[in-house]
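According to UniProt numbering, the residues represented by the sequence shown are 1 to 383, in order.
Here the structure is laid out as structure tokens; the discussion comes afterwards.
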Amino acid sequence: MDMATDGEMRDEKEKKSVSIEAIRKKFTEWGFSPYAFQMYNLDEGSLVLPSFPHPLNKRPNPDLYMNYFLKECKRYESFDFSIEPMMVGEVKHCSYFELDKMTNYKNRGEIQKTLTGRLFHGTIVEGTVARPAIVKTWDYLFPMKPECAPRLYKFCDEIELLTDERANKHPNLVELYRYCFDTRLAVVYDAKFTGVLSNVLLADDFGWDDRMKVTTQLADLFSWLHEKGIAFGYVSDSCIMIDEEVNIKVFDFGFVSNNVNEDTEIPVEVRVGWEGKRTMKTDVYIFGILLLKLIAKNAFICAGPYQLDLCAIDEAKLGKKYLVHECFKEVDYSNAFEITLLAFLCLNPDHPDKRPTMKDVVYALKMMQARVKKRKRDENEAE
Numbered sequence: 001m002d003m004a005t006d007g008e009m010r011d012e013k014e015k016k017s018v019s020i021e022a023i024r025k026k027f028t029e030w031g032f033s034p035y036a037f038q039m040y041n042l043d044e045g046s047l048v049l050p051s052f053p054h055p056l057n058k059r060p061n062p063d064l065y066m067n068y069f070l071k072e073c074k075r076y077e078s079f080d081f082s083i084e085p086m087m088v089g090e091v092k093h094c095s096y097f098e099l100d101k102m103t104n105y106k107n108r109g110e111i112q113k114t115l116t117g118r119l120f121h122g123t124i125v126e127g128t129v130a131r132p133a134i135v136k137t138w139d140y141l142f143p144m145k146p147e148c149a150p151r152l153y154k155f156c157d158e159i160e161l162l163t164d165e166r167a168n169k170h171p172n173l174v175e176l177y178r179y180c181f182d183t184r185l186a187v188v189y190d191a192k193f194t195g196v197l198s199n200v201l202l203a204d205d206f207g208w209d210d211r212m213k214v215t216t217q218l219a220d221l222f223s224w225l226h227e228k229g230i231a232f233g234y235v236s237d238s239c240i241m242i243d244e245e246v247n248i249k250v251f252d253f254g255f256v257s258n259n260v261n262e263d264t265e266i267p268v269e270v271r272v273g274w275e276g277k278r279t280m281k282t283d284v285y286i287f288g289i290l291l292l293k294l295i296a297k298n299a300f301i302c303a304g305p306y307q308l309d310l311c312a313i314d315e316a317k318l319g320k321k322y323l324v325h326e327c328f329k330e331v332d333y334s335n336a337f338e339i340t341l342l343a344f345l346c347l348n349p350d351h352p353d354k355r356p357t358m359k360d361v362v363y364a365l366k367m368m369q370a371r372v373k374k375r376k377r378d379e380n381e382a383e
């Protein structure tokens, strides 16, 4: 019985990989032009033409650039976007028409920008029952920037991640409902948008226990991804949904890399911190930044998306509770020292290879929580 189950799982994984590879192969054949030259990119994009020399136009000429765009849109208006098979794992492809019925791409439907596009409110309708959904796009809005070109493959990477046979079961990942490569690159998440972590980081009612709950959930998710051979590259506090029960769901990753391990050197697409290369330890650095933001309740920590503000280290040396904000009265000196030390171990700019693994981080957080509970129990018994 067990052998049959294992065989079925292997067959299912094989079907999924064939499907993803079919999409990647087609994207390599097509390039990004079928998605870049669509009229909705003009309607939804900026009408401010680029002032820099564009690869398509060495001498900036707004009229020439616009005429070229319109001509190419005409060329691709009846482009055949079909790819077989139409399912990846258990997730079905939806047509552009079906996707269009689920959301509104005008301003009133937009939630926020993402790392590669936008997030929209949507609605899933099954029979007579409707429920909220989230639609995420990978955009080539007019005028397209050169760095948008690789988004085809980022789209594939996320589908591969979220169609893993166990991925949709992780409580801190959004659940993929549909994906679309017909005319527009988009996915539909079976989730209601509840707000993002970046909006509550400085809130007074976002207390220490809640922050530690988020920290533990993030560490558990990142450790789980690493165990599956997945490096996520970058996650910001604006990519993390948080609900009223302080449960999180990550809906956007920067640079997903599949089939990697602790020793894999990943091709660098962006510079992260001081590093000239990417490994799984780069993900640990990103966790360190998120942890610092959570415990310090201070926006100074990140000067930019990939660099730690050095004044954070200076403030840690001066503060009575290191980097733990003084408003958290329940955090004693010992606990503040432990959590700050963990953050700096995760960052370790001089020796990235000396950073802990995410599995080590999860263990450290559990041990800290156990020690805090024991201290509280001992204090109560002493009273």
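Backbone N, C-alpha and C fix where the C-beta goes; we use that ideal spot for every residue, glycine too.
The C-alpha of A370 is placed about 10 Å away from the C-alpha of R377. In this structure D157 is buried. Its beta-carbon is surrounded by 16 or more other beta-carbon atoms within 10 angstroms.
Residue range V129 to W138 is occupied by the beta strand (DSSP E) that includes P132.
Our two residues, L345 and S223, have alpha carbons roughly 16 Å apart in a direct line. The alpha-carbon of N41 is positioned some 19 Å away from that of F27. Cβ-Cβ separation between A149 and I83: approximately 19 Å, too far for a contact (criterion under 8 Å). When DSSP states are grouped into helix, strand and coil, N61 belongs to the coil group. Ranked by Cα distance from L115, the options H226, E227, D237 and E262 are led by D237. Taking the C-beta atoms as reference points, T137 is found nearer than 8 Å to A186.
Residue pairing of V361 in beta bridges, as defined by DSSP: absent, with no partner found.
Distance from V200 to A133 at the Cβ level is roughly 23 Å; contact not present, criterion being Cβ atoms closer than 8 Å. With 16 or more other CB atoms across the displayed protein chains lying within 10 angstroms of its CB, K297 is buried. Every unbroken stretch of the alpha helix (DSSP H) spanning 4 or more residues and falling wholly within the stretch 315-354 is given here in chain order: 333-347. Annotated three-state conformation of R178 is strand, per DSSP. Ranked by Cα distance from E245, the options Q217, M87 and T183 are led by Q217. Across the structure, L173 and F232 are spaced so that their CA atoms are roughly 12 Å apart.
Judged by DSSP in its simplified three-state form, Y234 adopts coil rather than helix or strand. For F222, the enclosing alpha helix (DSSP H) covers residues W208 to E227. Residue environment analysis places H351 among the exposed positions, since fewer than 16 neighbouring C-beta atoms fall within 10 angstroms of its C-beta.
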